[in-house]
Amino acid sequence: MRPTLTFKKLLMSKWTAVIPEHQEKHFIVIQVYDPIGQSPLPEGYIEIESVYSKRTQIMHWTELKNTTTWIQGWN
161 MRPTLTFKKL LMSKWTAVIP EHQEKHFIVI QVYDPIGQSP LPEGYIEIES
211 VYSKRTQIMH WTELKNTTTW IQGWN
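Per the numbering used here, the sequence shown starts with residue 161, numbered consecutively.
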């Protein structure tokens, strides 16, 4: 059974794209919304970075729960 995904533990977590685009398969969460700090991200959003190309994208953290798109860890 997959462990429960929580917003607070996402920073520096590793993810695998189920269907890679532009040879980008492995990603790391590099930034999460911080309500206390000076976060440039909207509430509930994260920034992930491709290990291959260093390209980043911003998305809502709940999108990582979609198992047809993302797998936790590097597979």
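Idealized CB from N, CA, C, for every residue including glycine.
Query, Result
"Determine the burial state of residue 187: buried for a count of at least 16 other Cβ atoms within 10 Å of its Cβ, exposed for fewer.", "buried"
"Across the stretch 167-182 and the stretch 212-230, are there enough close Cβ pairs to call them in contact, namely three or more that are closer than 8 Å?", "yes"
"When DSSP labels each residue in this structure, what does residue 214 get in the three-state scheme?", "coil"
"Report the residue from 198, 231, 175 and 217 whose alpha carbon sits nearest the alpha carbon of residue 206.", "217"
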